[in-house]
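What follows is a set of notes on a single structure, which appears directly below.
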Amino acid sequence: MPGTIANTTLDRFQRWRRAKDTSARYLIGFFGLAVIGALTLMFVYLLSETLPMFQGASLEERAAYDAPGGADTGTIHLAVNRHREMAVRLTEDRRAVFFRPYSGEVVREQPLPIPDDVRVTSFSMAEPRTRLVAAGLDNGQVLAIEYEYNERFTPQGREYDPGLVYPLGDEDSALLDVDSEGRAIDVVGIQRGSSGVRVAAATEDGDLRLVNFEERTSMMTGETEVTRSAHDLPSLPGDATPTRILVDITGRNLMVGDDRGRLHFYDISTPRDARLVDSQRVVRGDDAEVTSLEYILGTVSVVVGGSDGSVAQYMLVRDEDNVNRITRVRDFPQHTDAVTNTQPEYIRKGFATTDASGALAVHYPTSQRTLLQQTISDRPLYRAYIDPRNRMLIAIDDAESWFVNDLSNPHPEVSFHVLWQKVWYEGRSGGDYVWQSSSATDEFEPKFSLVPLTLGTVKAAFYAMLFATPLAIMGAIYSAYFMSSRMRSLTKPSIELMEALPTVILGFLAGLWLAPFIEANLPAVASILILLPLAMLVMAYIWTRVLPEGVRRAIPAGWEAAILIPVILLVGWFAVFISPHLEIWMFNGDARQWLTDAGYTYDQRNALVIGIAMGFAVIPTIYSISEDAVFNVPRHLTQGSLALGATPWQTVVRVVLLTASPGIFSAVMIGFGRAVGETMIVLMATGNSPVVNFNIFEGMRTLSANIAVEMPETAVGGTHYRILFLAALVLFALTFTVNTIAEIVRQRLRNKYSTL
């Protein structure tokens, strides 16, 4: 009977233990899968926010009709307001037709102030946002006008009272005298400046003229007077005939295209001394001609379309003699027929091109992407217009049939080339990796290279690990194997408490105290790297060879490291003390200037500061895990090694470290992950400059710090917003890859040394 009770109790205990084991197994498995699921969801979310950036553009046709105001006359200009509710068409028969773009309904017609016996011979548009257009006339004059929509709000909604205005006063001042001899203006270019209007023109004889119309307001009477100054420009070389003239928004540069496929650059910063600086053939075919020439936003780059269907971007680049030269920057996919028109976007660097086969393409120079290629009509297209918000595109063929389309092109600035390769940006002499997401002007060209951020992340982690890894691992080995248990019980918790120190405090101290201290004591920092190891070696020699046996026995075993504390403090004080003398003796009194002269840029908040500050944040993690790994090496292994005659140091190197290597490697990888993801220290203790180098004396910008700084300032759903999510995805992938490789290596080390 007692035996039966005992067996029943034992069976019940066994069943209860099996139930707990089973529950634990399933719970651990469930939460393990939950962690994997959470990581998967994070990855999917980041990817879902990123992928829309790489989609192309699309068109959705909304309407098709004949030209508002009559298809029997050609269109010389078209513009649409930002709400896509009102548009203006300027016609060859000297009318301004205001209409609703989706329906073609004419709202108002207004005649252009051109005499009846005068014919329009040329046309030009200034920078699109100015709404300034010019028409060259056959009597040597140029008509300069602007258009307004005069939007107002009423209880019924937005209403418009559109009309023409005149940039230099009233209607009588709209006709500008450009050629005093009354020759026809075959080609005209116009641009508004801060004090007036600058007009460049080519007469029917091929002569080039530059005329400034400057507004001057009297401080006494308040009256505005327009003064005219005319200047002749050097003729094109080789008796070429001008076909297109462009004036940039600064009024300093003039571009002229000719009938021989060449582009000419004039410096007109001083009109009376204007000179031809450079001429280049911009269409590569022998018989090809320039059929389209337009500035894109900012008037730094020009887009050249050729009769052979080629499309290319050119801009001025300074050569070794500091002279601006016309330089081919990039090519775009070739049209199947001659390019007939180039239409720049209002608020971005993009543009659209049309050709004689009825096809249209949408391009973006910085990303070197052609986002859309589509046939619109079976007849040649000769005009394409994009509204100010890049949401509508109107194409016109040679029969004045109009095709109104909704345009979707949200993220043209992004491509693999922009993110990971060198890009030739405007104003630079070559390709480079640059991160500069925003600026104060609309003409700014966003620079979204992730290379500086990724390299900055690796750079910060590298220098932090370079500082932290040796100290943490060596400290872990000493405290786990050589240190007395009493001293270990004090040391290990103290180091682990360092992990509780907020990183914002470390960043604050690094930025406001450590960085200026290192800058003021550079020789001390360099000398301490030499003096401290030497001092320790000297102290070790004194301890083993000089001090009497009685003195050494007075210090308990495992407390020997304590005597190094005053030595370290003394060496640190001595290094700071001799720093000014070393600086005078070795660096001519200024170590920072000496580094600059040697070709090394020195920033006060640099990678050295980050290495030290972030090293202190990483040390507790690496130390704690490594110390546990070393301390938990089975005693029979160490005691067996010592029993066979090995020294304690030989036992550490050949037995303990090998056995503990999986744990130490895991500690290093966890520390690296912590360093890669660190934000506040990097944010506060570096200049946050996205530079591409490993110079220890320069700062960096990391992926995490960049996200923290720029995410609050970006528009939700915009290109910048999604690129920041891509940066987070890159950071996620970087840490995931490193941790995966680390786990594989750890398992192999564990399998290799588990049999010791």
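The sequence shown begins at 1117 in our numbering and counts up one residue at a time. Where a beta carbon is used, it is the ideal one built from N, C-alpha and C, also for glycine. Being a predicted model, the structure only gives us computed values, none of them experimental.
Spatial neighbours of residue i in its chain, beta-carbon cut-off 8 Å, leaving aside the 5 residues before and after
i: G1185; result: R1205, T1207, R1211, V1213, F1215, V1222, E1225
i: R1751; result: none
i: L1647; result: V1687, F1690, A1691
i: E1339; result: T1333
Cβ pair residue i, residue j closer than 7 Å
i: L1865; j: S1777; result: yes
i: G1309; j: G1252; result: no
i: V1448; j: H1479; result: Looking at the sequence shown, residue 1448 is not Val but Phe. Cβ distance < 7 Å, so F1448 and H1479 count as in contact.
i: V1393; j: D1383; result: yes
i: Y1718; j: L1724; result: no
i: G1425; j: T1458; result: no
i: V1281; j: V1327; result: no
i: L1409; j: D1374; result: no
i: G1305; j: V1363; result: yes
i: V1342; j: L1248; result: no
i: L1228; j: Y1501; result: no
i: F1532; j: I1839; result: no
i: S1493; j: D1513; result: yes
i: W1551; j: P1568; result: yes
i: V1419; j: G1377; result: no
i: D1302; j: A1316; result: no
i: G1815; j: A1580; result: no
i: P1504; j: R1235; result: no
i: V1534; j: S1483; result: yes
i: V1746; j: A1858; result: no
i: T1754; j: T1767; result: yes
i: Y1541; j: E1561; result: yes
Contacting residues, own chain, Cβ-Cβ under 6 Å from residue i (five flanking each side not counted)
i: A1477; result: T1469, T1486, Q1489
i: I1463; result: D1558
i: R1862; result: P1778, F1781, S1782
i: M1599; result: G1674
i: L1638; result: A1707
i: P1481; result: Q1429, K1465
i: G1414; result: E1559
i: L1774; result: Y1869
i: A1179; result: Y1218, V1520
i: F1129; result: none
Those residues which DSSP pairs with residue i across a bridge
i: D1447; result: A1428
i: Q1307; result: R1314
i: A1596; result: DSSP lists no partner for A1596.
i: L1392; result: Y1382
i: E1225; result: V1213
i: I1361; result: V1372
i: A1477; result: T1469, Q1489
i: R1344; result: F1329
i: E1699; result: Looking at the DSSP assignment, E1699 forms no beta bridge with any residue, so it has no partner.
i: E1410; result: V1419
i: Q1755; result: Paired residue(s): none; Q1755 is not in a bridge.
i: T1458; result: T1469
i: N1440; result: R1434
i: T1319; result: I1301
Beta-carbon proximity list for residue i, same chain, < 7 Å, skipping 5 on both sides
i: S1524; result: A1173, S1174
i: V1784; result: T1585, I1738
i: T1166; result: R1838, F1841, L1842, L1845
i: N1704; result: W1710
i: T1246; result: R1308
i: G1627; result: R1721, M1800, A1801
i: F1810; result: K1575
Check: residue i C-beta below 6 Å from any heavy atom of the ligand NAP
i: L1523; result: As far as ligands go, the structure on display features none, and thus does not contain the ligand NAP.
* To do: Counting only runs of 4+ residues fully inside the segment 1801 to 1865, write out the alpha helix (DSSP H) ranges in chain order.
  => Residue ranges of uninterrupted alpha helix (DSSP H) with 4 or more members, entirely inside the segment 1801 to 1865 and ordered along the chain, are 1819 to 1826.
* Stretch-stretch touch, CB-based, cutoff 8 Å, three pairs: the segment 1486 to 1497 with the segment 1459 to 1472 -> yes
* Would you list, in sequence order, the uninterrupted alpha helix (DSSP H) runs of no fewer than 4 residues that lie entirely inside the segment 1494 to 1574? => 1532 to 1536
* Ignoring anything shorter than 3 residues or poking outside the segment 1239 to 1295, list the beta strand (DSSP E) runs there in chain order. => List check, beta strand (DSSP E) in window: 1248 to 1253, 1257 to 1264, 1267 to 1270, 1273 to 1276, 1279 to 1281, 1291 to 1293.
* Three or more C-beta pairs closer than 8 Å, one from the segment 1776 to 1795 and one from the segment 1724 to 1737: is that the case here? -> yes
* **Continuous beta strand (DSSP E) assignments of at least 3 residues falling wholly in the segment 1143 to 1223** => Counting whole runs of 3 or more residues, the segment 1143 to 1223 contains the beta strand (DSSP E) stretches 1174 to 1182, 1191 to 1196, 1203 to 1207, 1211 to 1215.
* Would you say the segment 1681 to 1693 touches the segment 1590 to 1610, given that touching needs at least three Cβ pairs under 8 Å? -> no
* Three or more C-beta pairs below 8 Å linking the segment 1252 to 1263 and the segment 1283 to 1298 -> yes
* Is it true that the segment 1567 to 1586 meets the segment 1806 to 1822, where meeting means three or more beta-carbon pairs spaced less than 8 Å apart? -> yes
* With a cut-off of 8 Å, do at least 3 Cβ pairs link the segment 1829 to 1845 to the segment 1661 to 1674? -> Between the segment 1829 to 1845 and the segment 1661 to 1674, the count of Cβ pairs shorter than 8 Å is below three; the stretches do not touch.
* Asked: Counting pairs of Cβ atoms below 8 Å between the segment 1695 to 1706 and the segment 1614 to 1634, do you hit three or more?
  -> No: fewer than three Cβ pairs fall under 8 Å.
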